[in-house]
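Just so you know, we're using the working numbering here: the sequence shown kicks off at 13 and counts up by one. C-beta: ideal position from N, C-alpha, C; glycine also. These notes are about the structure you will find just below.
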Amino acid sequence: MPNGLLKITGFPIDMNTLESDIKIEDQLVVYKKVDDLVYSLKVKASRMFLSAAVNKYGLMPFTLRSFEDEKLAKMGVVECERHNLMRPYQVFYERDGEYVAQFKSTVLIMPNGLLKITGFPIDMNTLESDIKIEDQLVGF
């Protein structure tokens with residue numbers, strides 16, 4: 013790899029305002045088009061759904077409920093997801109009055125340490141975590 017680059021990795025950090033685990037919605041209803049893949053879908057409902065999703069939302073996330081024919085969207089998304097044309101998003105939630113946040117970062121793993129190349133700055137000193145990183149080279 014160039015310049016001693018060992019690996020590029022992306023990871024999410026999920027947080028909430030409670031001391032309990034974040035709840036995840038069972039039914040996935042938020043999807044996003046994967047930009048760099050092309051596949052000829054076989055089912056007409058899938059082609060109609062993909063075309064409508066791309067025309068209406070482009071690369072932005074959307075819910076299946078936003079389609080006029082939600083039943084057609086639910087049928088069409090199956091083949092799109094099977095061939096990695098659509099990526100489902102997990103929906104996190106908490107009870108009323110509590111908050112959930114997800115921060116994503118991309119990190120270059122170099123011989124001399126980690127280099128964060130994307131993501132918002134987070135002041136980790138203001139947060140409490142039940143997970144601690146003891147060794148910077150965890151995973152090697």
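field: Residue from 92, 97, 70, 103 with nearest C-alpha to residue 38
entry: Here residue 38 is taken as the residue at index 26 of the sequence shown, counted from 1. Here the closest residue by C-alpha is 103.
- request: Buried or exposed for residue 132, please, with buried defined as at least 16 other CB atoms from any protein chain shown within 10 angstroms of its CB.
  value: Working through the sequence shown from its first residue, we reach residue 132 at position 120. Its Cβ having fewer than 16 others within 10 Å, residue 132 is exposed.
message: Beta-carbon within less than 6 Å of residue 111's beta-carbon, same chain only, minus the 5 sequence neighbours each way: which residues are those?
response: Your numbering for residue 111 matches position 99 in the sequence shown. Excluding sequence neighbours, residue 111 sits near 29.
7 Å CB neighbourhood of residue 151 in its chain, flanking five on each side removed: Within the sequence shown, the letter at position 139 stands for residue 151. Low confidence applies to residue 151: its pLDDT is 48, below 50, so where it sits in the model is not reliable, and the reading given next is rough at best. Nothing meets the Cβ criterion.
task: Quick one: using the 10 Å Cβ neighbour count with 16 as the cut-off for buried, is residue 105 buried or exposed?
output: Locating residue 105 in the sequence shown gives position 93, where the first residue counts as 1. Exposed, since its Cβ has fewer than 16 Cβ neighbours within 10 Å.
message: Tell me which residue opens and which closes the beta strand (DSSP E) that residue 99 is part of.
response: Residue 99 sits at position 87 when you count from the first residue of the sequence shown. Start and end: 98-101.
message: Starting from residue 126, trace the beta strand (DSSP E) in both directions and tell me its first and last residue.
response: Counting from one through the sequence shown, the residue named residue 126 turns up at place 114. Counting along the chain, the beta strand (DSSP E) containing residue 126 begins and ends at 125-130.
message: Suppose contacts are defined by Cβ-Cβ distances below 8 Å. Is residue 57 in contact with residue 79 by that definition?
response: The sequence position of residue 57 within the sequence shown is 45, counting from 1. The sequence position of residue 79 within the sequence shown is 67, counting from 1. For residue 57 and residue 79, no; Cβs fall outside 8 Å.
Helix, strand or coil at residue 61 [DSSP, three-state]: By 1-based counting over the sequence shown, the position of residue 61 is 49. Residue 61 falls in the helix class under three-state DSSP.
- request: Under 8 Å Cβ to Cβ from residue 23, same chain only, skipping five residues before and after it: list those, please.
  value: Here residue 23 corresponds to residue number 11 of the sequence shown, with the count starting at 1. Taken in chain order, the residues that qualify are 116, 117, 119.
query: Is the Cβ-Cβ distance between residue 99 and residue 46 less than 8 Å?
result: Start at 1 with the first residue of the sequence shown, and residue 99 comes out as number 87. Start at 1 with the first residue of the sequence shown, and residue 46 comes out as number 34. Contact: yes.
Among 83, 96, 52, 34, the one whose alpha carbon lies nearest that of residue 114: Within the sequence shown, the letter at position 102 stands for residue 114. Taking only the C-alpha atoms, the option nearest residue 114 is 34.
query: Among 139, 88, 75, which one has its Cα closest to the Cα of residue 43?
result: For this step, residue 43 is matched to residue 31 along the sequence shown. Nearest option by C-alpha distance: 75.
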